[in-house]
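Below you'll find the structure, written out as structure tokens, and then a few comments.
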Amino acid sequence: MSKRDLRLKINELSSALGTFKGLEIQVGRIFEEDWEEPLGPTPFPSVGTLRSWDLKLLNRYKPFYMPFCDLCCLCTFGKCDLTGDKRGACGITMAGQQSRIVLLAACIGASTHAAHARHMLNHLIEEYGRDAPLEVALNTNVEAPHIRLVCGFRPKTLRDLEDALDYVETQLVQLVAATHTGQEGDNLDFESKVFHAGMLDHVAMEVADIEQIATLGLPKGEPDTPLADLGFGSIDTSKPVIMCIGHNVLPSVDIIDYLMDHDLFGEVEVGGLCCTAHDMSRYDKRAKVIGPISWQLRFIRSGIPDLIVVDEQCLRTDVMIEAKKIGVPVIATSEKSCLGLPDRTGDDPDKIVEDLVEGRVPGVLILDPRKVGEVSVKTVMAVAPRRAGFKTLTREAVSEMAKKCRSCMECVRACPNNLPIMEAVQAAAQGDFEPLAALYDLCVGCARCESACPVDFPIITFINKAAEKEILNEKYLMRVGRGAIQDVEIREVGRAIVFGEIPGVVALVGCANYPAGGADVARIAEEFLKRRFIVLVSGCSAMNIAMTRDEDGLNLYEKYPGIFDAGGLVNVGSCVSNAHITGATIKIANIFAKRPLRANYEEIADYVYNRVGAVGVAWGAMSQKAASIAAGCWRLGIPVVVGPHGAKYRRMLLGRKEREEDWMVYDARSGEKVYVGPAPEHLFYAAETVEEALVMIAKLAMRPNDTSKGRAVKLSHYIDLYQKYYGGMPDDLHLYVRREADVPFTMRDQIMKALEEAGWVEGKIASPDPTLVDRLVRRRL
Amino acid sequence: MSAKMTLGQTAEIPGPKKAFLIPKPDVAAAMIKRAKRALLVVGSEASNIGTKDGDLVGYATRLSKIRNVTVAATGHLIGEFRKRKAEGIHTTPLMNLGDRLRDPEWGGLDGAGPYDLVLFAGFPYYLEWLVLSGLKNFAPKLRTISLDRVYQPNANWSFGSMAEEEWKEVLDKMITILEEGD
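This is how it looks when you write it as structure tokens:
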């Protein structure tokens with residue numbers, strides 16, 4: 156099945172040796188043949204295999220480019236000015252260049268997940284062997300929907316995951332090659348490649364998560380995973396504190412194992428930041444989740460950690476400088492992030508510990524996770540007593556320093572959200588710390604303000620000090636990431652999702668580059684939970700929603716169950732667990748609708764696009780990984796909404812709802828081309844405000860396949876949210892009401908009046924068995 | 115406060131084609147007057163931006179009464195106009211609008227034809243910067259003006275960065291000229 160294999164089948168062969176019948180020769184890796192489902196049309200798709208599907212979507216959702224830079228500086232002909240209709244020395248246009256940069260971002264993101272998956276896989280094979288079985292989720296046969304769908308085989312062991320990753324890596328090289336000067340020139344072809352990178356990314360994420368679930372004993376899709384402690388206040392500062400940052404859980408696992416093996420868990424605090432924290436808490440809920448990526452610098456500056464262990468991705472690259480400021484050593488654990496440190500992997504652990512404790516080296520690189528475990532625990536236990544009494548700045552010192560503010564406003568200009576930093580600093584100079592404390596919830600922790608400050612104020616430390624009381628009270632509960640959605644859950648809710656009776660599936664994913672703090676993510680989640688959508692969360696968003704409590708002191712994890720059902724709040728886990736979210740949509744097509752899954756990407760994506768009302772939301776999307784995760788959603792036909800900073804990804808994929816010709820589909824029952832209205836209206840969309848996002852998310856959950864009952868439910872949420880935040884009726888209702896039965900009963904008079912004013916005609920919008928793919932028409936009349 | 119006031123976000127470096135500075139309010143008023151169909155796009159921050167007699171929502175409402183000016187609110191700002199009973203204000207998501215403005219065939223928010231001048235005010239700096247970049251590069255025939263108090267290099271024309279009080283005066287004068295000439 157692998158495209159690398161040679162397979163020769165000869166019905167009858169006469170030779171000097173005799174006559175052979177049914178001769179079959181296979182060379183290379185042989186995949187198991189006990190999967191009854193026939194192989195679909197696109198196993199291991201290459202860069203161009205799904206191009207025609209991509210172009211169907213891209214012709215409906217045309218890119219709107221917002222160049223971040225008008226130049227190209229990638230080759231020595233340049234810099235080339237591409238403004239307007241100018242072309243670069245290689246002939247590239249502005250549209251081509253923008254899509255090329257989007258492709259580079261998606262390749263970086265997908266490569267990062269693939270490299271993470273490969274690193275873990277190599278290690279886990281060493282630990283558990285190639286034949287370690289893949290038991291991924293309870294009550295589940297479809298253990299790896301992406302691998303089945305894209306590659307066309309069922310992975311059963313770690314060995315099989317190597318084949319999936321081989322494929323991903325090979326394709327990523329092809330994609331990066333396409334960005335070389337003088338290769339691809341057409342922007343839509345670049346965009347198709349972006350989709351390909353996204354699809355590969357979801358395969359890579361799936362590999363990364365199922366390998367760690369299967370071998371490390373992470374939760375296997377249980378809805379009622381335990382609640383883990385989250386926040387600064389959850390750390391017992393009387394104990395030595397190890398702070399683990401990043402996304403690759405292996406070093407942290409060995410730290411936890413070492414603590415357990417030596418009965419030390421009660422004596423040392425282990426806290427994680429970013430996705431490592433998720434996976435640590437999935438491994439052992441006693442590991443503390445300090446917070447999302449934005450908490451990185453503020454936690455270091457708090458002086459609480461006694462040792463910093465970094466693995467990979469989303470690290471602050473100045474961690475060595477920051478660690479030095481608070482006098483703690485750093486252990487780097489990944490070849491991808493060596494931080495200039497000496498490789499001590501081969502050295503005696505006690506010698507490494509001695510050098511770290513005595514401060515002979517500021518940090519070390521150790522590439523063996525086991526050794527990281529031992530060195531980390533021994534180091535932190537020796538360093539912590541020496542750091543006892545470490546103090547950060549006092550309020551008086553902050554006030555005194557703040558008097559030197561030059562009022563240049565450089566801090567405000569450098570801030571991504573233009574926060575009123577200068578005024579807050581000047582208030583602190585007068586002894587009023589409230590304005591500084593108010594920045595705490597809004598600050599994304601990037602420290603660009605510090606870098607810009609001509610008198611080098613440690614502004615993050617100032618904010619920490621002003622918000623000290625709030626920080627110490629920061630103690631929340633987060634339901635530990637559960638991993639996959641079980642097949643049995645898909646069977647339960649598949650029908651209600653596809654017919655629209657569950658109004659939608661909203662996935663809040665991604666980073667913490669919020670325009671106005673993380674509370675907005677909790678607000679989005681709760682709005683849709685109350686409306687009985689299924690809400691899934693992962694990564695930093697999953698942490699941020701834990702940090703908002705209601706008047707009874709409860710957060711969303713304490714109020715809503717972890718089931719994949721209406722009103723359920725499902726934390727899947729870390730970034731790589733996002734594969735389970737898209738995987739669930741694939742499983743709906745396969746398990747509920749019985750669509751063939753094996754190497755059948757186009758049909759499954761067509762199903763998801765037309766029937767599954769899923770919407771991705773990355774309110775604080777920051778990274779290239781977020782870009783590739785989104786791209787994987789787009790190819791599956793899942794729209795993605797980002798916050799205003801997401802516009803910096805420099806292009807949107809936008810539908811034109813008023814153009815009827817753009818919203819035609821085939822009716823699979825007759826082959827007739829019919830108009831179904833603009834559902835979903837966009838594929839990639841940046842909302843300016845959270846209120847705009849709430850309305851758009853509800854609207855994007857509509858699909859051509861909705862039953863009247865389902866459409867009425869979805870319309871009622873869309874209209875209700877619109878009225879709540881916009882103060883009137885939406886002006887596009889006539890594009891979504893197909894017949895009177897679609898009209899929500901409770902708003903009937905208002906809606907019918909609006910429809911009449913818009914000249915609505917019943918039946919103009921069809922309710923077919925929708926497909927964009929001609930070959931999926933079952934019968935032609 | 116410093117006498118030297120530099121505004122806008124530090125790293126938002128413009129490309130080779132940069133906005134012309136609007137030297138005085140009369141020039142902006144003259145450009146708006148000359149337009150066949152002008153569109154004022156008001157962003158979600160408008161209700162937090164003070165002006166001489168209230169906020170930007172109020173100013174946008176005044177501008178909506180000028181004969182050749184249509185006003186569109188983005189984000190969920192229309193709710194604010196509706197609360198104040200302002201009439202004739204359109205609403206559109208900023209991304210939808212940017213996408214359509216690059217299409218010379220687009221019939222406008224009221225279906226009466228394309229706009230030849232688009233004015234922006236009341237947005238997060240980077241967001242306006244990006245949408246103006248999209249228009250600069252992909253809507254070559256459209257003229258754009260930023261009315262914000264911070265220089266926006268990707269517009270065709272922009273006010274220079276100014277102190278708040280100065281900007282309030284400038285904006286008020288521009289609108290007064292338009293009202294008097296209408």
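Protein sequences appear in the order of chains A and B.
Under this note's numbering, think of the first position of the first sequence as 156, with each following residue one higher.
Under this note's numbering, think of the first position of the second sequence as 115, with each following residue one higher.
Ideal Cβ placement from N, Cα and C applies to all residues, glycine included.
Keep in mind it's a predicted model, so treat the numbers as computed, not measured.
Residue range of the unbroken alpha helix (DSSP H) whose run includes residue i
| i | result |
| --- | --- |
| D875 of chain A | S863 to Y881 |
| R314 of chain A | L313 to A333 |
| S436 of chain A | C430 to Y438 |
| Y756 of chain A | Y756 to R766 |
| A125 of chain B | Where A125 of chain B is concerned, there is no enclosing alpha helix (DSSP H), given that its DSSP letter is neither H nor E. |
| C604 of chain A | R603 to A607 |
Boundaries (first-last residue) of the beta strand (DSSP E) holding residue i
| i | result |
| --- | --- |
| T737 of chain A | Element bounds for T737 of chain A: not the beta strand (DSSP E) but the alpha helix (DSSP H), N733 to K742. |
| I180 of chain B | Per DSSP, I180 of chain B belongs to no beta strand (DSSP E) and is neither H nor E. |
| H837 of chain A | H837 to A841 |
| K443 of chain A | K443 to G446 |
| P218 of chain A | K217 to Y220 |
| D384 of chain A | L382 to L385 |
Alpha-carbon spacing of residue i relative to residue j, whole angstroms
| i | j | result |
| --- | --- | --- |
| R637 of chain A | C730 of chain A | 13 Å |
| S922 of chain A | E565 of chain A | 56 Å |
| D949 of chain A | V530 of chain A | Only positions 156 to 936 of chain A appear in the structure, and residue 949 of chain A is not among them; the question remains open. |
| T197 of chain A | K375 of chain A | 29 Å |
| I163 of chain B | C601 of chain A | 26 Å |
| L285 of chain B | E279 of chain B | 10 Å |
| P751 of chain A | A697 of chain A | 32 Å |
| G862 of chain A | R893 of chain A | The sequence shown places Thr at residue 862 of chain A, not Gly. Looking at the two C-alpha atoms, the distance is approximately 10 Å. |
| K558 of chain A | Q581 of chain A | 7 Å |
| L791 of chain A | P200 of chain A | 14 Å |
| I100 of chain A | Q779 of chain A | Residue 100 of chain A lies beyond the residue range present for chain A, which begins at 156 and ends at 936; the question has no answer from this structure. |
| R515 of chain A | L494 of chain A | 17 Å |
| E713 of chain A | A383 of chain A | 12 Å |
| E911 of chain A | Y881 of chain A | 21 Å |
Test: residue i CB closer than 8 Å to a CB of chain B
| i | result |
| --- | --- |
| C224 of chain A | yes |
| L809 of chain A | yes |
| T238 of chain A | yes |
| Y873 of chain A | no |
| E847 of chain A | yes |
| N573 of chain A | yes |
| R568 of chain A | yes |
8 Å Cβ cutoff, residue i in contact with chain A
| i | result |
| --- | --- |
| M119 of chain B | Reliability fails at M119 of chain B, whose pLDDT of 49 lies under 50, so the model's placement of it is uncertain and no value is given. |
| R196 of chain B | yes |
| K131 of chain B | yes |
| D213 of chain B | yes |
| M209 of chain B | yes |
| S116 of chain B | Per-residue confidence for S116 of chain B stands at a pLDDT of 40, beneath the threshold of 50, marking its modelled position as unreliable; the derived number appears in the next sentence. So yes, S116 of chain B belongs to the interface. |
| N162 of chain B | no |
| T124 of chain B | yes |
| V155 of chain B | no |
| F252 of chain B | yes |
| V245 of chain B | yes |
Assigned exposure category for residue i - 16 Cβ within 10 Å defines buried
| i | result |
| --- | --- |
| L936 of chain A | exposed |
| F839 of chain A | buried |
| V610 of chain A | exposed |
| T231 of chain A | exposed |
| R805 of chain A | buried |
| M415 of chain A | exposed |
| T901 of chain A | exposed |
| F134 of chain B | exposed |
| H204 of chain B | buried |
Residue i beta carbon near the ligand MN (any heavy atom closer than 7 Å)
| i | result |
| --- | --- |
| E219 of chain B | Annotation note on the ligand MN: not contained in the displayed structure, which lists no ligands. |
Do the segment 324-344 of chain A and the segment 240-248 of chain A touch if we need at least three Cβ pairs shorter than 8 Å?
Contact between the segment 324-344 of chain A and the segment 240-248 of chain A is present: three or more C-beta pairs spanning the two stretches fall below 8 Å.
Kindly confirm or deny that the segment 214-226 of chain B and the segment 204-215 of chain A touch, where touching means at least three C-beta pairs closer than 8 Å.
Counting Cβ pairs under 8 Å, fewer than three are found: no touch.
How do the segment 822-833 of chain A and the segment 789-804 of chain A stand: do at least 3 beta-carbon pairs fall below 8 Å, yes or no?
Fewer than three pairs of CB atoms, one per stretch, sit closer than 8 Å, so the segment 822-833 of chain A makes no contact with the segment 789-804 of chain A.
Three or more C-beta pairs below 8 Å linking the segment 232-241 of chain B and the segment 155-174 of chain B
The segment 232-241 of chain B vs the segment 155-174 of chain B: in contact.
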